[in-house]
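Novice: Encoded as structure tokens, here's the structure I'll be asking about.
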Amino acid sequence: MTTIAGHLINGEMIADSTRTQPVFNPATGQATKEVALASVETVEAAIAAAQAAYPEWRNTPAIKRARVMFRFKELLEQNADRICELIGEEHGKISHDAAGELQRGIENVEYACGIAELLKGEYSKNVGPGIDSWSEFQPLGVVAGITPFNFPAMVPMWMFPLAIACGNTFVLKPSERDPSSTLFIAQLAHEAGLPAGVLNVVNGDKEAVDVLLTDERIKAVSFVGSTPIAEYIYSTANANGKRCQALGGAKNHAIVMPDADMDNAVNQLLGAAFGSSGERCMALSVAVAVGDAAADALVSKMKEAMQNLSVGAYSDSSNDFGPVITRQHQQKVNGYISSAEEDGATVVVDGRNPQVEGFEEGFFVGATLIDGVTPQMVSYKEEIFGPVLQVVRVNSMQEAMQLIDDHEYGNGTCIFTRDGEAARYFSDHIQVGMVGINVPLPVPVAYHSFGGWKRSLFGDLHAYGPDGVRFYTKRKTITQRWPSAGVREGVNFSMPTMK
Ligand code: NAD
């Protein structure tokens, strides 16, 4: 019998299986189960469950909501192996990488454990005679999250733990390509003590997403995925009166300065370009080498180091990275490599069609290095989202920075240098939201917030951390006077002031 990944609504697993889609194991290339694609009615049922659970959850003291988060964290840690296995089976990432993703997700739960402190408002005594004023941060109501395939555990946990800790109830629509780890994590949240209806998960596609974007009971939408969809989500949610943060795609450049510790830069670039098969929105996909000497050294050292990389199945933890997500995506990545070659770049290490013994049907692309890439090439302009590092040669740091600033995306970037002045100038001026100095993947920790600039993020507030608290709450300011007995104010038609 075919296993169906269904939905979690009002604390119950249900499978509305009128429409389904296969879920693949990308290492074997075989479909292993079906995922249910929620109908309009199913999504509406999830919203109704969240709406019904909201009043009681909103009034649950923050410290009690935090206690659920503490238990949830423990359950995530106890079930880590199972979660990583589910990620590996459907996403394809190797267990050491899945464990890292899970840990980053858990850190967001740890942040949410501090919700009582985070929701403390602002208070001013005596803003006028006998008048006190305070601001408090109230939950929004039912909020939704829509997440991508590449971090099925971490990205949902960027959203729902904090949203729920703030007193909201939640409808999550994970990626239909690797639904099982997300569903399992949501079940653990219930096991931790979340009342039914507080967190609901609907699997599905555009049909489900469009309900979340238009139903008036949804007050805010968090989205992470590709830029064209992020733009659609942001404009549609806004047109329907919802608060929205929509994080999109990326093209992250690393500047390699002539004074960089080249061996260190090569080690860092290997992990940041090829880890998780380059399917990370913070993957470094372009190395901008300043000067031909730096470029030549970088390319020759990379080429040598890449001989030792192993691409393979998630089940062998000695592999460095796994397959890409689908056959179609594998062909797309190969197509970008071919297009760079046709446009005049040099494929120094060619990862097209690697042989992975025992996994001949898997969606593998090997680590690829391309030199002599120019900004006019399609492979430079677009996000490849595969294990491909492109080298662009420039003559100065200014030229390198201009290249980054001119690119449509502004998610992450990094500079490899020993020059503190250059690094400081770079971090101060570059038009990118997350900057690393000799740190290749500057993904902010859970108590900062995550977000790119330019077309990598639509909205005002970044994800998780302090911005997350602001996103999932609305400020209310109360001004209060208790007049002393016998003291009465006269009528005053002027704007009240303290003058
Ligand atoms: P995607 O945009 O295809 O899908 C993301 C979500 O949107 C999924 O839940 C999907 O079901 C839904 N969706 C897809 N098409 C839709 C449509 N037409 N209408 C409504 N909803 C739709 O992205 P993906 O391929 O799953 O993920 C990879 C992308 O996500 C990359 O571009 C990557 O850079 C980006 N990403 C960005 C960040 C970030 O923080 N900026 C983090 C992770 C991934």
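Residue 611 in the working numbering sits at position 211 of the sequence shown; the count goes up by one each step and never skips. For glycine and all other residues, C-beta sits at the position ideal for the given N, C-alpha and C.
Nearest-angstrom Cα distance between residue 609 and residue 634?
Specialist: Approximately 12 Å, taken between the alpha carbons.
Novice: Anyone know if the C-beta pair for residue 730 and residue 778 falls short of 7 Å?
Specialist: Cβ distance not < 7 Å, so residue 730 and residue 778 don't count as in contact.
Novice: Curious, which full-length alpha helix (DSSP H) runs of at least 4 residues does the stretch 473-516 contain?
Specialist: 480-490 and 495-512, all fully within the stretch 473-516.
Novice: Report whether the distance from the Cβ of residue 795 to the nearest heavy atom of the ligand NAD is below 6 Å.
Specialist: Residue 795: no, Cβ never under 6 Å from the ligand NAD.
Novice: Quick check on the DSSP output: what are the complete beta strand (DSSP E) runs of length 3 or more inside the stretch 662-706, in order along the chain?
Specialist: With a minimum length of 3 residues, the continuous beta strand (DSSP E) runs that stay inside the stretch 662-706 are 684-690.
Novice: Under 6 Å: does the beta carbon of residue 814 sit that close to some heavy atom of the ligand NAD?
Specialist: No, Cβ of residue 814 sits at least 6 Å from all heavy atoms of the ligand NAD.
Novice: What do you reckon, is the C-beta of residue 629 under 6 Å from a heavy atom of the ligand NAD?
Specialist: At least one heavy atom of the ligand NAD is nearer than 6 Å to the Cβ of residue 629, so yes.
Novice: With distances taken from CA atoms, which of 808, 483, 412 and 445 is nearest residue 852?
Specialist: The residue with the shortest Cα to Cα distance from residue 852 is 808.
Novice: Taking the alpha-carbon of residue 624 as reference, which of 748, 617, 648 and 606 has the nearest alpha-carbon?
Specialist: When each option's Cα is compared against that of residue 624, the closest is 648.
Novice: Going by DSSP, which residues form a beta bridge with residue 570?
Specialist: In the DSSP output, where bridge partners are listed per residue, residue 570 has 543 and 599.
Novice: Flag this pair as touching only if the stretch 698-705 and the stretch 465-481 have three or more C-beta atom pairs under 8 Å; answer yes or no.
Specialist: Result no; under three Cβ-Cβ pairs closer than 8 Å.
Novice: Residue range of the beta strand (DSSP E) that residue 581 falls in?
Specialist: From DSSP, residue 581 is part of no beta strand (DSSP E) but of the alpha helix (DSSP H) over 580-591.
Novice: Take the Cβ of residue 401 as the centre, count every other Cβ of all protein chains shown within 10 Å, and call the residue buried at 16 or more, exposed below.
Specialist: With a pLDDT of 46 at residue 401, under the threshold of 50, the modelled position of that residue is not reliable, and the figure given next carries that caveat. Per the 10 Å Cβ criterion, exposed.
Novice: Which of the three DSSP states is assigned to residue 821 in this structure?
Specialist: It is helical.
Novice: Is residue 463 buried or exposed, if buried means 16 or more other CB atoms sit within 10 Å of its CB?
Specialist: Label assigned to residue 463: exposed.
Novice: Which two residues bound the contiguous beta strand (DSSP E) that contains residue 653?
Specialist: Per DSSP, residue 653 belongs to the beta strand (DSSP E) from 652-656.
Novice: According to DSSP, is residue 401 helix, strand or coil?
Specialist: Residue placement at residue 401 cannot be trusted, given a pLDDT of 46 that sits under 50; what the coordinates show is reported in the next sentence. It is coil, neither helix nor strand.
Novice: Go ahead and pull the three-state DSSP assignment for residue 830.
Specialist: Residue state, collapsed to three classes: coil.
Novice: Does the ligand NAD have a heavy atom nearer than 6 Å to the CB of residue 520?
Specialist: The answer is no for residue 520.
Novice: Taking buried to mean at least 16 other C-beta atoms within 10 Å of its own C-beta, is residue 813 buried or exposed?
Specialist: Flag for residue 813 reads buried.
Novice: For residue 635, verify whether its CB is less than 6 Å away from any heavy atom of the ligand NAD.
Specialist: Incorrect: residue 635 has no Cβ contact closer than 6 Å to the ligand NAD.
Novice: Is it true that the CB of residue 620 sits closer than 7 Å to the CB of residue 642?
Specialist: Yes; because the gap between Cβ atoms is below 7 Å, this pair is in contact.
Novice: Quick check: the Cα distance between residue 837 and residue 433, rounded to an integer number of angstroms?
Specialist: The alpha-carbon atoms of residue 837 and residue 433 are separated by roughly 43 Å.
Novice: In chain order, what residues of the same chain lie with their CB nearer than 6 Å to the CB of residue 637, ignoring the 5 residues before and after it?
Specialist: So the list reads 613, 621 and 644, once near-sequence residues are dropped.
Novice: Alpha carbons only, please: which of 692, 850, 560 and 503 is nearest the one belonging to residue 569?
Specialist: When each option's Cα is compared against that of residue 569, the closest is 560.
Novice: In terms of residue numbering, what span does the alpha helix (DSSP H) encompassing residue 528 cover?
Specialist: Taken as a continuous stretch (DSSP letters only), residue 528 belongs to no alpha helix (DSSP H), being part of the beta strand (DSSP E) at 522-528.
Novice: Assign residue 778 to one of three DSSP states: helix, strand, or coil.
Specialist: Reduced to three states, the DSSP call for residue 778 is helix.
Novice: Report the CB separation of residue 750 from residue 774 in whole angstroms; it is logged as a contact under 8 Å.
Specialist: Between residue 774 and residue 750 the Cβ distance is about 19 Å, and since that is not below 8 Å, they are no contact.
Novice: Measuring straight from C-alpha to C-alpha, what distance separates residue 844 and residue 834?
Specialist: Cα to Cα, residue 844 sits roughly 8 Å from residue 834.
Novice: Helix, strand or coil: which one does DSSP assign to residue 721?
Specialist: Strand at residue 721.
Novice: Tell me whether residue 581 counts as near the ligand NAD, meaning its Cβ is closer than 6 Å to at least one heavy atom of that ligand.
Specialist: Every heavy atom of the ligand NAD is 6 Å or more from the Cβ of residue 581, so no.
Novice: Please find out if some non-hydrogen atom of the ligand FAD comes closer than 6 Å to the beta-carbon of residue 546.
Specialist: This structure simply doesn't include the ligand FAD; it includes the ligand NAD instead.
Novice: Pull the bridge partners of residue 881 from the DSSP assignment, please.
Specialist: 531, per the DSSP bridge assignment.
Novice: Can the beta-carbon of residue 617 be found closer than 7 Å to that of residue 447?
Specialist: In contact: residue 617 and residue 447 (Cβ atoms closer than 7 Å).
Novice: Using DSSP with H/G/I as helix, E/B as strand and the rest coil, what is residue 659?
Specialist: In this structure, residue 659 counts as coil in the three-state DSSP scheme.
Novice: Assuming residue 564 contacts residue 598 under a Cβ cut-off of 8 Å, what Cβ separation, rounded to an integer in Å, is found between them?
Specialist: Indeed, because the Cβ distance is near 6 Å, the residues count as touching under 8 Å.
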